[in-house]
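Colleague: Here's a structure for you.
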Amino acid sequence: MPELPEVETTRRGIEPHVLGQSITDWTVRNPRLRWPVEIPAQLQNQTVTAVQRRGKYILLSTAVGTLLVHLGMSGSLRILEQGAQAGKHDHVDIHFSNHKLLRLNDPRRFGCVMFQAGSNPIKHTLLKNLGVEPLSNEFSGEHLFAQSRNRRVAVKNFIMDSKVVVGVGNIYAAEALFSAGLRPRVAAGRIPRRVYDRLAQAIVEILLRAVRAGGTTLRDFVGADGNPGYFAQTLNVYGRQGQACRTCSTTLKLQIVGQRSSVYCPKCQTSQGFS
DNA sequence: CAACCGCCCTGGGAGC
DNA sequence: TGCTCCCAGGGCGGTT
241 MPELPEVETT RRGIEPHVLG QSITDWTVRN PRLRWPVEIP AQLQNQTVTA VQRRGKYILL
301 STAVGTLLVH LGMSGSLRIL EQGAQAGKHD HVDIHFSNHK LLRLNDPRRF GCVMFQAGSN
361 PIKHTLLKNL GVEPLSNEFS GEHLFAQSRN RRVAVKNFIM DSKVVVGVGN IYAAEALFSA
421 GLRPRVAAGR IPRRVYDRLA QAIVEILLRA VRAGGTTLRD FVGADGNPGY FAQTLNVYGR
481 QGQACRTCST TLKLQIVGQR SSVYCPKCQT SQGFS
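Take 241 as the starting number for the first sequence in my numbering and just add one per residue.
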């Protein structure tokens, strides 16, 4: 599923093909994504002036407004030649003046295509309350510490809360907690500053590694193989319940935390000493 | 406000 | 082989 690294990989992959091009037309085969697809008529003949990312949203800006594209958990964006035959789950095509098309495929339809008029896309309801970017200077242990005071929520849910920090999904949350030596269920408000420094560093390292791994598939992006490179990276805990910890060989345990499965090492990850 | 839960949807794997 | 069942996942929106 697309987490921040894959969305960034996608953004980088499509940017050279659509930036500076004008939108000539579009086809919506199935408007029933998470919300009805919004592509207003005024986008016709508009030039794409920026291709940006905010959290897991890809933003295509023009003089009249910005398209917000979210990939949900099964979506992908591809650049194809105009006339490319559409297959199952190819819900939206946007045609450009260079005779290429941007195609959204999304089997589970948890994604969306929305529009924000004007010059500031951040005004959109879906964007205005998002937390800090994990790969920006605003993100730090200090930020996590400050945001977590008086909160009893499990630290895993806390770092997956997009109002706190964007782009951390279930996989990277589990991996970051392993790396920082913290159990998923520890109350966010009981964790001291020094441990949050470690956790913030772990999140950044894991995301950067994944962006780099995604980058390995970038050169093939326009081709048929859209597999995200980061699946190839070694996961320490995610999906490894019942298997041996790569560090200490202890059997990894599965817990349900906030209705999401969470795997952790009972020996390497602690819930003690935060009182 | 914080916490919690239901829900949207389909593919894929397990079990029979 | 084919059926059914269940799970995975982000994140909004409503309720407690």
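Ideal Cβ positions, reconstructed from N, Cα and C, are used throughout, including at glycine.
(1) Can you round the beta-carbon distance between Val-268 and Val-309 to whole angstroms, since I take them to be within the 8 Å contact cut?
(2) Which residue spans inside the stretch 397 to 424 form an unbroken alpha helix (DSSP H) run of at least 4?
(3) If you count every other CB in all the chains shown that lies within 10 Å of the CB of Pro-245, and 16 or more means buried, which is it?
(4) Got a sec? Which residues, its chain only, sit under 7 Å from Val-477 by beta carbon, not counting five neighbours each side?
(5) Do Gly-580 and Asn-397 have their C-beta atoms closer together than 8 Å?
(6) Between Leu-439 and Pro-424, what straight-line distance do the alpha-carbon atoms span, to the nearest angstrom?
(7) Can you tell me whether Gln-284 is buried or exposed? The criterion is at least 16 other CB atoms within 10 Å of its CB, across all chains shown.
(8) In chain order, what residues of the same chain lie with their CB nearer than 8 Å to the CB of Gln-322, ignoring the 5 residues before and after it?
(9) Give the range of the beta strand (DSSP E) segment to which Gly-305 is assigned.
(10) Should Cys-508 and Thr-487 be called a contact, given that it needs their Cβ atoms to be closer than 8 Å?
(11) Helix, strand or coil for Arg-434 per DSSP?
Modeller: Let's see:
(1) About 13 Å separates the two Cβ atoms, so there is no contact after all.
(2) Entirely contained in the stretch 397 to 424, the alpha helix (DSSP H) runs reaching 4 residues are, in chain order, 410 to 420.
(3) Pro-245 should be labelled buried.
(4) Ala-414, Glu-415, Phe-418, Leu-492, Val-503, Tyr-504 and Cys-505.
(5) Residue 580 lies beyond the range of the chain shown here (241 to 515); nothing can be said about it.
(6) Spanning the two alpha carbons is a distance of roughly 12 Å.
(7) The residue is exposed, with fewer than 16 neighbouring Cβ atoms inside 10 Å.
(8) Closer than 8 Å at the Cβ level, and outside the excluded window around Gln-322, lie His-335, His-339, Lys-340 and Leu-341.
(9) In the DSSP assignment, Gly-305 falls within the unbroken beta strand (DSSP E) covering 305 to 310.
(10) Cβ distance < 8 Å, so Cys-508 and Thr-487 count as in contact.
(11) Arg-434 falls in the helix class under three-state DSSP.
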